[in-house]
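A short write-up of the structure that comes next.
There are 2 protein chains.
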Amino acid sequence: MQDAGKTRLRVEIFGQQYTVVGKEPAAFLHMVAGHVDDTMRQIAAANPRLDVTRLAILAALNIAGEYFKLKETYERLLAQERAPVASVPRE
Amino acid sequence: MQDAGKTRLRVEIFGQQYTVVGKEPAAFLHMVAGHVDDTMRQIAAANPRLDVTRLAILAALNIAGEYFKLKETYERLLAQERAPVASVPRE
């Protein structure tokens with residue numbers, strides 16, 4: 001549903017319904033919600049005794065770890081991009 | 101603490117103690133935990149009635165959103181990097 005330039009949609013995360021609101025397209029918000037749901041299910045499968053709050057916090061930690069690793073990779077590429085390709089001696 | 105190449109440390113997220121284990125250095129794990137804690141506190145300040153589980157899930161959604169946006173930016177830069185700088189006509 002589009003409302004004043006915002007996307008509002010219902011998603012299911014770990015069996016609970018959430019309303020997600022964002023400026024991004026619905027496909028993006030579905031991808032984001034799907035990733036959180038997948039991450040929580042993977043952690044739950046490996047740690048069946050964890051309660052939902054701890055699962056959600058561990059999922060947030062995992063995803064934040066992915067974010068900072070990607071940020072390092074991105075910043076390395078950016079630095080490389082800005083560095084001169086080769087030094088050309090002037091005549 | 102280092103243990104068999106793994107870092108294990110206690111972090112506090114939204115007033116709760118968690119043990120975080122990872123191959124990454126302690127500074128990286130502290131940065132990750134700090135980002136989850138900050139994100140939860142920002143969401144809680146704007147939505148004081150949310151319970152901790154919903155806060156943690158919303159934090160995970162926000163961080164996953166940041167991750168996918170950065171991924172798009174990174175992939176655009178990578179595609180640009182791989183594209184030929186200029187087409188040189190052959191003689």
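Which chain is which? The protein sequence lines are A and B, in order. The first sequence finishes on residue 91 if you use the working numbering, and the numbering steps up by one all the way, no holes. The second sequence finishes on residue 191 if you use the working numbering, and the numbering steps up by one all the way, no holes. Don't be surprised by glycine CBs; every beta carbon is placed ideally from N, CA and C. As the structure is a computational prediction, the values presented were derived from the model and not from experiment.
Item	Value
Identity of the residues DSSP links to A:G65 by a beta bridge	Paired residue(s): none; A:G65 is not in a bridge.
Those runs of the beta strand (DSSP E) which lie wholly inside the stretch 104 to 138 of chain B and span at least 3 residues	106 to 113, 116 to 122
Per-residue DSSP class, three states only, for A:A45	helix
Spatially closest choice to B:G105 from B:V111, B:N147, B:A126, by CA coordinates	B:A126
Contact check, A:V20 vs B:L161, beta carbons under 8 Å	yes
Neighbouring residues, chain A, relative to B:L170 (Cβ below 7 Å)	Y67, L70, K71, Y74
Chain-ordered neighbours of A:E81 on chain B, where CB pairs are closer than 9 Å	L177, Q180, E181
Nearest to B:K123 (by Cα), restricted to the options B:R108, B:E112, B:A159, B:Y167	B:R108
Pairwise C-alpha distance: B:P184 and A:L58	42 Å
Partner residues on chain B for A:A45, Cβ-Cβ distance less than 7 Å	By Cβ distance, chain B contributes nothing, its closest Cβ being about 17 Å from A:A45, past 7 Å.
Residue of B:R149, B:A156, B:K169, B:T139 minimising C-alpha distance to A:D51	B:A156
Coarse secondary structure for A:A116, derived from DSSP in three states	Here chain A comprises residues numbered 1 to 91, so residue 116 of chain A is not present and cannot be evaluated.
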